[in-house]
Structure formats: C-alpha cells, structure tokens
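Note sheet for the following structure.
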Amino acid sequence: MAEGILVILEHNGEKVSRLSLEAVTAAQKMGAELGQPVFAAVFGKDTSALAAQMGDKKLDKLYTIDDPALENYTPDGYLTAGSALISSVSPAWVLFGHSYQVRDFAPLLAARSGSTMLTDCISYRNEGGKLVFTRQMFGGKFNADYSFNGDGPYFVSFQAGSFNSDELESGSVTAEAFSADFSSAEIRTTVLDIFQGVKQEVDLSAAEIIVSAGRGLKEKDNLELVQQLADALGGEVAASRPVCDDGWLPVDRQIGSSGQTVAPKLYLAVGISGAIQHVVGMKGAKYIVAINKDPHAPIFEIADVAVVADLFEVVPELTKAVQEVRG
C-alpha cells in the first residue's frame with residue numbers, strides 16, 4: 000500500500016533550492032493532516048553537503064542517490080533515479096517546487112509511474128481526508144480546484160511562495176543511501192559546460208530582496224535609480240512586462256504571468272501600477288512595499304506599505320537612508 004509524502008529536491012550542487020524547501024514545508028503540513036510520514040530525496044554525484052543541509056529538518060527519511068550519471072542535471076538521469084526510488088518506496092504523494100527543471104522531468108516521472116501531475120499549484124485544502132489543490136487560470140484572474148481520483152502516487156508541484164520555508168519544522172534525520180541502476184539508462188543529454196553567470200542573472204526566485212521597475216520610471220536612463228536602491232539593499236532588479244517589452248531590461252528580469260514567479264522576503268514595486276498579470280508573479284512575497292503617485296493604483300491593494308508619492312523624490316532619499324544605515 001502506498002504511504003508517505005516524498006519531496007524530490009532541486010539543488011545547484013551546493014545548496015538545496017528555496018523552492019524545494021517550500022515544498023518540504025507543504026509536505027510537513029500535509030503529513031500532519033493526513034497522518035503520513037514525510038520523505039525527501041536528493042540526487043547527485045556527491046550529495047553529502049546537501050544531505051547535511053537537510054539533516055536538521057523534520058523528516059522521517061532522507062534518501063540520497065549518488066552516481067556519476069547525476070553529476071549534472073539531465074531529465075534522463077533524474078527520471079532513472081526517481082523511478083527507481085518511487086518503485087521501491089511506494090509513496091502516496093510526490094511533491095516538487097515548481098521550477099523550469101521540475102517542468103522538464105517531473106511529468107515524465109509521473110507518466111512512467113502510471114500517474115498524472117498537477118503543476119504550479121498555489122494551495123491545498125483538506126476536505127474530509129481528500130486533498131483539493133488550487134491552480135490559477137487565465138493569468139491569475141480565476142482559481143480552479145482539482146483533486147485526484149484513482150490510485151497514486153499523486154504528483155504535485157507548488158508555485159514559488161505558496162508555502163514559507165521559514166516555517167520548516169526542525170528535527171533530525173540521517174541520510175539513507177539508495178542505489179539506482181544506471182547501467183541500462185540512456186542519458187541522451189551531455190552537459191558540455193555550465194555558465195555560472197546564468198544563475199545570478201536569471202534565477203530571481205532565489206533572491207530575498209527584489210526592487211522592481213515599472214513604466215512610472217518614464218525612460219530607460221532612470222533605471223539607475225532602481226539599480227542604486229537594489230545595490231544598497233543587496234537585492235536584485237526586476238521589472239514589469241512593459242519595461243521588458245520596451246527593451247529597458249532583458250526578459251529574464253520580467254516578473255508576472257509571462258515571466259518569473261518570485262517570493263522574496265521583500266519586494267519593492269517602483270512605479271508599477273499592479274496589473275493582475277504582474278501581481279500573480281509576486282504576490283507570494285513576504286513583505287511588499289509599493290511606490291506610486293497614483294493613490295488608486297491596484298498594486299496598493301496587496302501592498303503592506305503604500306507610498307503615495309513621486310518616485311523620483313522618494314527613491315533617491317530611500318537609497319540614501321539605506322546606505323547610511325548599512326554604513
């Protein structure tokens with residue numbers, strides 16, 4: 000009989016991603032409600048450092064699969080490792096943080112397991128022991144509820160910010176090595192090189208502080224105001240779609256339904272009106288500060304702090320104040 004909630008962790012070789020930790024938070028909550036044990040698994044060539052990072056988390060088991068075939072991520076490698084583990088452990092649920100990597104291999108893993116997958120969920124609720132999951136539709140304008148029928152395992156990925164990794168329960172777990180047979184696995188992808196700069200430039204989901212620019216900045220040269228504030232705070236610069244469409248910033252910096260979904264500890268929206276297409280990509284932020292001279296800007300509806308003022312006056316003063324405080 001299938002039992003347990005398994006989280007397959009994503010990492011960069013040195014650290015488990017925040018998205019995966021959020022998925023573990025979800026698993027802990029689900030496990031407590033359903034009376035199910037919680038497992039986590041990490042794949043790589045040498046997972047010792049990653050296992051150590053997870054050692055103080057409340058988990059019933061932590062599986063590690065170490066193999067040269069897993070030195071770099073490939074969909075075939077993760078499919079082989081995941082299939083072997085799921086066949087042996089027989090979890091009732093398999094959870095992920097919703098990322099580009101998970102989109103690449105997790106649906107394949109679900110299909111190979113004879114199951115289906117709900118992706119990019121934002122929440123769940125327990126209706127008499129049956130879990131109902133919520134996904135956003137039509138750019139976040141509507142929510143749709145889904146539940147599983149038939150036998151598991153059931154595969155689910157959660158959108159960034161759906162759960163708070165700061166709420167992870169502490170505990171103690173010792174990693175358990177699991178062996179997967181790669182002798183007959185066909186790894187069709189060869190990693191020739193890894194461009195380390197991509198992570199910093201593109202992966203805004205890892206940023207704890209984001210300063211985001213909107214069309215209220217009026218022209219590209221004024222982006223320097225946002226960059227200076229982000230530098231002072233030690234954060235990253237992002238933007239709404241119109242800013243990226245105009246070529247002020249690369250599309251990798253775009254937040255929203257057609258860009259990245261983020262959940263930083265602090266999100267500063269500078270000159271952003273707050274169209275729903277943008278809001279769906281950042282409403283999971285823990286604390287939102289919005290600066291806009293329009294008192295009726297929709298962004299203020301979700302902001303923790305609303306600054307109704309001219310950004311060209313406020314942002315330089317805010318940057319100066321932060322620089323003075325931080326020395």
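For reference, each letter of the sequence shown is one residue, going 0 to 326 in numbering that gives the first Met the number 0. In this text, a Cβ means the ideal position worked out from N, Cα and C, and glycines have one as well.
Pick from Val250, Ala296, Ala262, Leu203: whose alpha carbon is nearest that of valine 269?
Ala296
Mind the definition here: the stretch 138-145 touches the stretch 177-186 only if three or more C-beta pairs lie below 8 Å; say whether that holds.
no
Please identify the residue among Ser272, Asp119, Met29 whose C-alpha is closest to the C-alpha of glutamate 126.
Met29
Looking at the unbroken alpha helix (DSSP H) that takes in isoleucine 275, where does it start and where does it end?
275-278
With proline 90 and isoleucine 4 assumed to form a contact (beta carbons below 8 Å), what rounded beta-carbon distance in angstroms separates them?
6 Å
Same chain, Cβ closer than 6 Å to valine 225, five either side skipped, listed in chain order:
Val210, Ala212, Val236, Val269
For leucine 84 and isoleucine 121, I'd like the C-alpha separation in whole angstroms.
26 Å
Among Asn163, Gly76, Ala262, Asp293, which residue has its Cα nearest to the Cα of isoleucine 271?
Asp293
Is the stretch 15-30 in contact with the stretch 156-164, if contact means three or more CB pairs nearer than 8 Å?
yes
Expressed to the nearest angstrom, what Euclidean distance is found between the alpha-carbon atoms of valine 155 and lysine 217?
41 Å
I'd like the ranges of any beta strand (DSSP E) spanning at least 3 consecutive residues and lying wholly in the stretch 232-319.
235-238, 265-269, 287-291, 304-307
Following the continuous alpha helix (DSSP H) through arginine 187, name the residue where it begins and the one where it ends.
No alpha helix (DSSP H) holds arginine 187; DSSP gives it neither H nor E.
For glutamine 100 and histidine 10, I'd like the C-alpha separation in whole angstroms.
10 Å
Helix, strand or coil for serine 82? Go by DSSP, reduced to three states.
helix
Glycine 76 to methionine 116, Cα distance in whole Å?
19 Å
Three-state secondary structure (DSSP) at asparagine 11?
coil
Near isoleucine 214, what residues of its chain come up, given a Cβ to Cβ distance below 6 Å and the 5 sequence neighbours on each side ignored?
Per the sequence shown, the amino acid found at residue 214 is arginine instead of isoleucine. Result list for arginine 214: Pro241, in chain order.
Exposed unless 16 or more other CB atoms sit within 10 angstroms - verdict on methionine 53
buried
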